[in-house]
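Down below is the structure, laid out as structure tokens.
Numbering (this note's numbering), first residue to last: 1 to 259.
Structure, rendered in structure tokens:
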């Protein structure tokens with residue numbers, strides 16, 4: 001084998017190896033989001049009626065008096081478990097564990113059209129904005145609790161611990177869009193792991209196929225809804241499942257479900 005041939009092979013390896021790695025990570029993304037048959041499932045009905053959300057089991061919903069009040073909306077949601085077999089345990093494990101940082105994936109790059117040209121967005125900017133605001137505030141609150149407890153363990157007083165938790169949360173909070181690179185990062189495991197909590201919103205703009213919530217692995221939470229309004233309802237369901245309550249007057253809700 002001649003020197004030129006060897007040199008050419010080396011150059012090709014240098015160029016193709018990184019490209020192959022990136023393509024591999026990107027291809028793995030679809031596998032991450034389609035992990036196969038879940039270990040367990042739970043079904044819920046999120047009912048919006050009279051300006052409030054109600055969380056019901058399918059059996060409870062069947063017993064509700066009909067017809068529903070005008071303006072009521074019903075969202076059927078499935079929780080899937082791929083980690084422990086219990087969807088509720090998976091949610092608590094994923095959202096309440098300590099992490100170094102967290103990333104909210106707002107959706108496809110089309111979501112940016114909600115700021116510049118809402119008519120181009122293939123969904124509801126109103127409800128996607130509400131969903132993003134709610135889930136960002138929820139995850140930030142849960143994230144800050146762990147750093148508050150850490151500060152208290154280090155001997156901080158209450159006020160200093162709160163300030164420390166707030167500062168750490170702001171420093172460790174990122175947002176992203178579901179671009180090629182984000183899919184690559186999720187596919188290769190750089191996002192959505194034991195150190196980096198990643199919450200991914202998948203709605204009509206991203207080709208959602210179900211109204212479901214699941215953690216395909218620890219550190220990665222997928223909230224999928226066939227409408228942006230469903231995404232908003234699913235976040236309310238998550239808050240109910242993990243027992244999270246907003247302090248009085250702190251709920252970041254921007255719009256009602258009737259829009």
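Yeah, the Cβ is synthetic: ideal placement off N, Cα and C, and Gly gets one too. Nothing here was measured: the structure is a model prediction, and the numbers come from that model.
Cβ-Cβ separation between residue 104 and residue 135: approximately 6 Å, consistent with a contact (criterion under 8 Å). By the criterion of a C-beta distance shorter than 7 Å, residue 179 is surrounded in its chain by 109, once the five residues flanking it on both sides are discounted.
About 17 Å separates the Cβ atoms of residue 57 and residue 48, ruling out a contact at the 8 Å cut-off. Each residue's CA atom was taken as its position, placing residue 197 and residue 151 some 20 Å apart.
In the DSSP assignment, residue 134 falls within the unbroken alpha helix (DSSP H) covering 125 to 153.
Distance from the Cα of residue 172 is smallest, within the candidate group 184, 157, 161 and 195, for 195.
Fully enclosed alpha helix (DSSP H) runs of no fewer than 4 residues occupy 158 to 171 and 180 to 187 of the stretch 153 to 233, in order along the chain. Spanning the alpha carbons of residue 149 and residue 140 requires a straight line of approximately 14 Å. The three-state secondary structure of residue 101, taken from DSSP, is strand. In the DSSP assignment, residue 56 falls outside any alpha helix (DSSP H) and lies within the beta strand (DSSP E) extending over 52 to 56.
The three-state secondary structure of residue 84, taken from DSSP, is coil. Of all alpha-carbon atoms in 137, 193, 192 and 185, the one lying nearest the alpha-carbon of residue 169 is that of 137. In terms of Cβ geometry, residue 89 and residue 237 do not form a close pair [threshold 9 Å]. Judged by their CB atoms, residue 234 and residue 213 are nearer to each other than the 9 Å cut-off. Apart from sequence neighbours up to five positions away, the residues of its chain that approach residue 33 with a beta-carbon distance below 7 Å are 216 and 222, ordered along the chain.
Taking all protein chains shown into account, residue 231 has 16 or more neighbouring C-beta atoms within 10 Å of its C-beta and is therefore buried.
Closest in alpha carbon position to residue 242, among 68, 94, 83 and 129, is 94.
The Cβ neighbour count for residue 128, taken over all protein chains shown within 10 Å, is at least 16; the residue is labelled buried.
Put simply, of 218, 209 and 220 the residue whose alpha carbon is nearest the alpha carbon of residue 226 is 209. For residue 39, the secondary structure class from DSSP, reduced to helix, strand or coil, is coil. For residue 116, the enclosing alpha helix (DSSP H) stretches over residues 113 to 116. With a cutoff of 9 Å on beta-carbon distance, residue 79 and residue 70 are scored as not near each other. Between residue 177 and residue 219, the alpha-carbon positions lie close to 17 Å from each other. The beta carbons of residue 111 and residue 121 sit closer together than 9 Å.
DSSP links residue 73 through a beta bridge to 48. Under DSSP, residue 78 shares a beta bridge with 43 and 212.
The alpha-carbon of residue 97 is positioned some 29 Å away from that of residue 204.
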